[in-house]
Amino acid sequence: MTIQLGLIGENISKSRAPRLHPLLGRLCGLDVTYTPFDSEGVPGFDPMATLQARMDEGFKGLNVTHPYKTVVAAALPNLRPRVRRLGSINTVVFVDGQWIGANTDHSGTIRGYRHVFGTLPAGRVLMMGAGGVSRAIAFALQDLGVVEILIHDLDDARAHTLTQVLSDHGCAARTVAAEDLRAAAAQADGLVNATPMGMYKHPGMPLPADAIGGQRWAFDAVYTPLWTDFLRCCQDRGLAVMTGFELFLFQGLDAFRCFTGITVDEDEVRDEVASWMAD
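Numbering (this note's numbering), first residue to last: 3 to 281.
What follows is the structure in structure tokens.
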């Protein structure tokens, strides 16, 4: 029996997920297919209709990526409270005609941080971006014991909304305006890029280069390319860095468990998956 999985998002042609899940399936003796459904160049693309169509076709579930994580989360009525607080999902599993939403960006961030940084305290963090993945990362940072999250987004209203949501859940947070980015960076122990900036077709850096230095660690959620200008700059200036590979790997393993109920040890696939990043 074939397990049909897939991904919906915009500009996802470089995603490695269509290689990851079939690999995990083979390790478990399962026939897994994984199909991308890219909204780029598709006028009127409807993520909810796409999800429904895939369920009707017998798919087991879909991953959801930028820019649909919050849209899909808002449309699912039966999210568990711990998932609902995130306000975004990246995994939908079809069970007996129902849609079960999960967010493995959250669990993947925690696992990735601990794998790379060990017990390094998160401290005070400047996070660029307040979209779907930002929410998952922010709550992961809260669970990692962050002191405070400073949030900047080109959309001020979105940044304020995330700040309020975090505050409502007991996480110290404040919004940072563009003109205050350098000052905020100077106060930060950690830097997080949770924007598409630096991604394939989205060149650039989310923070001025002269604001980087003196912090302890940095994380970029982008993994295509693996080494963004932002991360290279951070590494050159002495920061410990976590690439988007860690989030990709751990969120993928957690999503596979959601789809199949099977846990795959990351050591079984780390080297092979890492080799793809140079493709």
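Built from N, CA and C at the ideal position, the CB exists for glycine as well. All figures in this text were calculated on a predicted structure; none of them were measured in a lab.
- Closest in C-alpha terms to residue 213, from the list 44, 236, 8, 9, comes 236.
- Contact annotation: residue 63 and residue 249 have beta-carbon atoms that are not nearer than 9 Å.
- Residue 169 is classed as exposed because its beta carbon has fewer than 16 other beta carbons within 10 Å across all chains shown.
- Close CB contacts of residue 28 within its chain, under the 8 Å cut and outside five residues either way in sequence, are with 34 (chain order).
- When rounded, the separation of the alpha-carbon atoms in residue 187 and residue 30 is 44 Å.
- DSSP places residue 51 in the uninterrupted alpha helix (DSSP H) bounded by 49–58.
- The continuous alpha helix (DSSP H) containing residue 158 extends over residues 158–170.
- As summarised for the segment 228–277, the continuous beta strand (DSSP E) elements at least 3 residues long and confined to that stretch are 242–244, given in chain order.
- In summary, residue 156 is exposed, with fewer than 16 beta-carbon neighbours lying within 10 Å of its beta-carbon over all protein chains present.
- Secondary structure within the segment 75–116: the beta strand (DSSP E) runs of 3 or more consecutive residues, fully enclosed, are 93–97, 100–104 (chain order).
- Among the bridge pairs identified by DSSP, residue 150 is matched with 126.
- In the structure shown, residue 61 falls within a coil segment according to DSSP collapsed to helix, strand and coil.
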